[in-house]
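In the numbering used here, the protein residues as written are -1 to 347.
What follows is the structure in structure tokens.
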């Protein structure tokens, strides 16, 4: 807020007549009033910039729902769920614990557990982060290196947030206790990880969608795509695709046909499923063969004829699977789109 200072009276003129002085004072008063009005207008336009600074928004590391406002030189890590300072070695590990109560999770940071991990506990207290949490602070020495540690357990919706801050002793000045506590007090949880963010973490890129759109990421290893207005995985309603990476797979060529057929047979629960074509393709001029299986069956709910195509590209210890499914009456339009998506799938990196 800008406070206008009242112009103090300059006292009577020492000599008369003093009209010129009065005019000069009037001119100065007018200029001051105009300047005050201009500044007041700027304040009004600036709005929040001239009021209390807005609290920083939490930063969410890629792929997780937990985030916080980092302190010091901490940046979201690409190696683990949390933050790290490459120069000092300071780090923040963030884990969302599901499937058990907060009380059960609290056993993981009991005094006995902390002691067994080689941590010398200095303080243990209630801490207001997302609700009533528990904060443990202490020190640890491992491999000749001394570090300071803060361990926070706090409620996070239906789950629990476990946050571990570790700062090397030599970097402690850059991460004082007050700054770390302020950072931990900012722990937040978002409702969901954005789909685009999830897709960016897959080991593959889908460079060509051909009118399809992603609707879900599965286990960090694949994505479901569909064509149509609904976010459905029911091919009886609209065409769908599954693009995923799996571990294993047979090394012998003869065994790959059986593997591919069995994989397709386990999808969808379609009635009277039968393979109509199976062959090995060489796509894109590369050395890797692509095993193609085409099949058709009946939707168990509507009895509509469903067609499927599956491409599997086998590698060393892993395989890429691309599956397209659509009703028979839209197959002629969907199949070229499936192939275009297939040709646009590439390894990330």
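Where is the CB? At the ideal position from N, CA and C, for every residue including glycine.
_Pairs of beta-carbons, one from the region 233 to 252 and one from the region 286 to 305, closer than 8 Å: are there three or more?_
Three or more beta-carbon pairs separated by less than 8 Å link the region 233 to 252 to the region 286 to 305, which places the two stretches in contact.
_Host alpha helix (DSSP H) of residue 196 (start-end)_ = Per DSSP, residue 196 belongs to the alpha helix (DSSP H) from 193 to 198.
*Count the other CB atoms, across all protein chains shown, that sit within 10 Å of the CB of residue 51; report buried if there are 16 or more and exposed otherwise.*
Unreliable positioning characterises residue 51 in this predicted model, as indicated by a pLDDT of 36, which lies under 50. The coordinate reading is nonetheless provided below. Exposed, by the Cβ-count rule.
_Separation of residue 255 from residue 57, as counted between CA atoms_ = Using only the alpha carbons, I get a separation of about 47 Å.
*If you compare alpha carbons, which of 157, 136, 165, 143 is closest to residue 91?*
Looking at the Cα atoms, 165 is the closest of the given residues.
*From residue 288 to residue 218, what does the alpha carbon distance come to, in whole angstroms?*
Each residue's Cα considered, the two are about 23 Å apart.
*Do residue 172 and residue 70 have their CB atoms nearer than 8 Å?*
In this structure, residue 172 sits near residue 70, with a CB-CB distance shorter than 8 Å.
*Applying the criterion that 16 or more other CB atoms from any shown protein chain within 10 Å of the CB defines a buried residue, is residue 68 buried or exposed?*
It counts as buried.
_Beta-ladder partner(s) of residue 185, from DSSP_ = Among the bridge pairs identified by DSSP, residue 185 is matched with none.
*For residue 207, name the three-state secondary structure that DSSP assigns.*
It is coil, neither helix nor strand.
*Does DSSP put residue 172 in a helix, in a strand, or in coil?*
Helix, per DSSP.
*Since residue 337 is in the beta strand (DSSP E), which residue starts that stretch and which ends it?*
It is not in any beta strand (DSSP E) - residue 337 instead sits in the alpha helix (DSSP H) that spans 329 to 341.
*Taking the alpha-carbon positions, what's the residue 334 to residue 159 distance?*
Their backbone Cα atoms lie some 46 Å apart in a straight line.
*Three-state secondary structure (DSSP) at residue 319?*
In this structure, DSSP gives residue 319 an extended state, which the three-state scheme calls strand.
*CB residue 322 to CB residue 332, shorter than 8 Å?*
Yes, these two residues count as a Cβ contact at 8 Å.
*Look at the alpha carbon of residue 116 and the alpha carbon of residue 319, and state the distance between them as a whole number of angstroms.*
Taking the straight line joining both Cα atoms gives about 45 Å.
_Given residue 328 as reference, the closest of 244, 292, 238 once Cα atoms are compared_ = The candidate whose alpha carbon is nearest that of residue 328 is 238.
*Could you give the distance in angstroms between the alpha-carbon of residue 101 and the alpha-carbon of residue 330?*
Each residue's Cα considered, the two are about 56 Å apart.
*Contact check, residue 136 vs residue 150 under 8 Å by CB: the rounded distance?*
Actually they do not touch by this definition, with Cβ atoms about 13 Å apart.
_Suppose you measure from the CA of residue 346 to the CA of residue 205; what does that come to, to the nearest Å?_
Those two C-alpha atoms are separated by around 10 Å.
*So what's residue 101 in DSSP terms, helix, strand or just coil?*
In the three-state scheme derived from DSSP, where H, G and I count as helix and E and B as strand, residue 101 is classed as helix.
*Taking only the alpha-carbon atoms, compute the straight-line gap between residue 31 and residue 54 and give it to the nearest angstrom.*
Confidence at residue 31 is low in this model, with a pLDDT of 44, below 50, so its placement is unreliable and the value that follows should be read with caution. Separation of residue 31 and residue 54 (C-alpha to C-alpha, rounded to the nearest whole angstrom) is 37 Å.
_Quick check on DSSP: helix, strand or coil for residue 72?_
Correct three-state label for residue 72: coil.
_Taking its Cβ as the centre, do 16 or more other Cβ atoms sit within 10 Å of residue 224, making it buried, or is it exposed?_
Buried: at least 16 other Cβ atoms inside 10 Å.
*Measure the alpha-carbon distance for residue 191 versus residue 277 and round it to whole angstroms.*
Each residue's Cα considered, the two are about 39 Å apart.
*If we ignore side chains and look at the alpha-carbon of each, how far apart do residue 119 and residue 134 end up?*
The C-alpha of residue 134 is placed about 7 Å away from the C-alpha of residue 119.
*asked:* Quick check: what's the CA-CA separation for residue 95 versus residue 59?
replied: Going from the Cα of residue 95 to the Cα of residue 59 covers about 16 Å.
*Where does residue 96 fall in DSSP's three states?*
Residue 96 sits in coil when the DSSP states are folded into three classes, being neither helix nor strand.
*Straight-line CA distance for residue 61 to residue 157?*
Approximately 16 Å, taken between the alpha carbons.
*What is the rounded straight-line gap between the Cα of residue 241 and the Cα of residue 281?*
Taking the straight line from one Cα to the other gives about 17 Å.
*Proximal residues to residue 212 (C-beta, below 8 Å), its chain only, five neighbours per side dropped*: Within the same chain, residue 212 has close Cβ partners 193, 197, 204, 221, 222, 223.
*asked:* Per DSSP, what are the beta-bridge partners of residue 107 in this structure?
replied: According to the DSSP secondary-structure assignment, residue 107 is paired through a beta bridge with no residue.
*asked:* Please return the same chain residues whose Cβ sits closer than 6 Å to the Cβ of residue 275, not counting the five positions on each side in sequence.
replied: Here the set comprises 292.
*Between residue 181 and residue 66, which are expected to be in contact by the criterion C-beta below 8 Å, what is the C-beta distance as a whole number of angstroms?*
Under the criterion of beta carbons closer than 8 Å, residue 181 and residue 66 qualify as touching, at roughly 6 Å.
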